[in-house]
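Here you go:
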């Protein structure tokens, strides 16, 4: 059984969201991994949106702010 868990983890790593989409209907230990990954992505999206809303180009508060400013600069947009 441990080998099957490793196989599912390998699939999820190699094929990302595609593996999650394909494996979602099947029961098994990979379900917890997929749920955790989804929760992490939601947290990251929420955090980025919060930083985007309060972004001050003259006073970046965190690494995320600096990254967002750099992304805007590369795209040629004003923050």
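Residue numbers (full-length UniProt numbering): 1 to 79. Virtual Cβ for every residue (Gly too), placed ideally from N, Cα, C.
Assignment of residue 66 by DSSP, reduced to helix, strand and coil, places it in the helix class. Check the Cα spacing between residue 53 and each of 29, 24, 23, 69: the tightest is with 69. Annotated three-state conformation of residue 61 is coil, per DSSP.
Between residue 65 and residue 51, the C-beta gap is smaller than 7 Å, which places the two residues in contact.
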